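Q:
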Amino acid sequence: MGSVDPDEVKRFDRLAATWWDDEGPMRALHAMNPARLRWIMDEVAAHFGRDRGERQLLDGLAALDIGCGGGLLSEPLARLGAAVTGIDPAKQNIAVARGHGESSGFALDYRVASLDDVATTGEAFDLVFAMEVVEHVPDVAAFIDACARVTKPGGLVLLSTLNRTLRAFTLAIVGAEYVLGWLPRGTHRWEKFVTPDELEAHAEAAGLESHEARGLVFDPLGWEWRLSRDTGVNYVLAAAKPPRESGESGSPPVQGVDHGR
Numbered sequence: 040m041g042s043v044d045p046d047e048v049k050r051f052d053r054l055a056a057t058w059w060d061d062e063g064p065m066r067a068l069h070a071m072n073p074a075r076l077r078w079i080m081d082e083v084a085a086h087f088g089r090d091r092g093e094r095q096l097l098d099g100l101a102a103l104d105i106g107c108g109g110g111l112l113s114e115p116l117a118r119l120g121a122a123v124t125g126i127d128p129a130k131q132n133i134a135v136a137r138g139h140g141e142s143s144g145f146a147l148d149y150r151v152a153s154l155d156d157v158a159t160t161g162e163a164f165d166l167v168f169a170m171e172v173v174e175h176v177p178d179v180a181a182f183i184d185a186c187a188r189v190t191k192p193g194g195l196v197l198l199s200t201l202n203r204t205l206r207a208f209t210l211a212i213v214g215a216e217y218v219l220g221w222l223p224r225g226t227h228r229w230e231k232f233v234t235p236d237e238l239e240a241h242a243e244a245a246g247l248e249s250h251e252a253r254g255l256v257f258d259p260l261g262w263e264w265r266l267s268r269d270t271g272v273n274y275v276l277a278a279a280k281p282p283r284e285s286g287e288s289g290s291p292p293v294q295g296v297d298h299g300r
């Protein structure tokens, strides 16, 4: 299947208890979240014609968080008003996500499932997120195609991943994993990194319309990430699914997700 590497699932299952420790193995993701959310809010506001300053910017939108882990992104999306479904094939990740969500007062739909599982249900979402997931899947083309299939017409796919450059190998693997110990060794494999051009090509092959890729650059002194034009290491990419034209023939629309909101 295109979305699951069993070895990756086992490794993240072992790390499940550390998701909400902002000084533990996931601290880089904790630091990255504010920049990712700023980018998400910009993209959503522009795509759906909403006011960027709205507290409930995602209200009324169904969101799928693929590879949700412990819920680091799912919870902020729910706080912004989205009806969030978080999926992860690692059982312990979902157990942690459910427990933290309940203690935080969020009603999220967490499932032990892969993207392939969801794609077979007929569900579709306004927003589909695969943040720091693409570099862990065995078949990127099949994965992006499945992302497109679970996105409603007029919806948005939002991706973040690592570029396959020598600088990314030096910083994200040698530096972050082996020298500084910011990430567990073996978290990333350079040959599975994807260039922006490759990711855009996969998105277009899946019928999506790519936006311009943006870089995410880390400042180790301030321990924070910022958006940049430099896509040499980490980058984000949004891709829109064209709206269904009035009177278009073909199969009926995929049923959306109803979380009682």
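Just so you know, the sequence shown maps onto residues 40 to 300 in the numbering used here.
Idealized CB from N, CA, C, for every residue including glycine.
None of these values were measured; they are calculated from a predicted model.
List, from N- to C-terminal side, the beta strand (DSSP E) runs of 3 residues or more that fit wholly inside the region 165-217.
A: Listed in chain order, they are 190-201.
Q: Going by C-alpha to C-alpha distance, which of N72, M71, G92 sits closest to D81?
A: Taking the sequence shown and counting its residues from 1, the one referred to as residue 81 is at position 42. For the residues N72, M71, G92, the minimum Cα distance to D81 belongs to G92.
Q: From A64 to I126, what distance separates their C-alpha atoms?
A: Taking the first residue of the sequence shown as 1, we reach residue 64 at position 25. Taking the first residue of the sequence shown as 1, we reach residue 126 at position 87. Per the sequence presented here, residue 64 reads as Pro, with Ala not at that position. Going by the C-alpha atoms only, they are around 21 Å apart.
Q: So, under 8 Å CB-CB, V176 and C186 are touching, yes? Tell me the CB distance rounded to an integer number of Å.
A: Taking the first residue of the sequence shown as 1, we reach residue 176 at position 137. Taking the first residue of the sequence shown as 1, we reach residue 186 at position 147. With 8 Å as the limit, V176 and C186 do not qualify as a contact, their Cβ atoms being about 10 Å apart.
Q: Does L116 come out as helix, strand or coil in the three-state DSSP assignment?
A: For this step, residue 116 is matched to residue 77 along the sequence shown. Note: L116 maps to helix in three-state DSSP.
Q: Using only the alpha-carbon positions, how far apart do V25 and G161 sit?
A: Because the chain in this structure spans residues 40 to 300, residue 25 falls outside the shown range and cannot be described.
Q: Assign A277 to one of two classes, buried (16 or more other C-beta atoms within 10 Å of its C-beta) or exposed (fewer than that).
A: Indexing the sequence shown from 1 puts residue 277 at position 238. A277 comes out buried.
Q: How many Å lie between R283 and G88 at the Cα?
A: Walking along the sequence shown from the start, residue 283 turns up at place 244. Walking along the sequence shown from the start, residue 88 turns up at place 49. Their Cα atoms are separated by approximately 18 Å.
Q: Name the two residues that bound the continuous beta strand (DSSP E) containing W264.
A: As a working note, residue 264 is residue 225 in the sequence shown. 263-267 is the span of the beta strand (DSSP E), which, as asked, contains W264.
Q: Inspect the beta-carbon positions of V173 and V83 and report whether they are closer than 8 Å.
A: To locate residue 173, count along the sequence shown from 1; it is residue 134. To locate residue 83, count along the sequence shown from 1; it is residue 44. No, Cβ-Cβ distance for V173 and V83 is not below 8 Å.
Q: Buried or exposed: where does V218 fall if 16 or more other Cβ atoms within 10 Å of its Cβ makes it buried?
A: Translated into positions along the sequence shown, residue 218 becomes position 179. Only weak support is given to the placement of V218: the predicted model assigns it a pLDDT of 49, under 50, and the question is left unresolved by the model.
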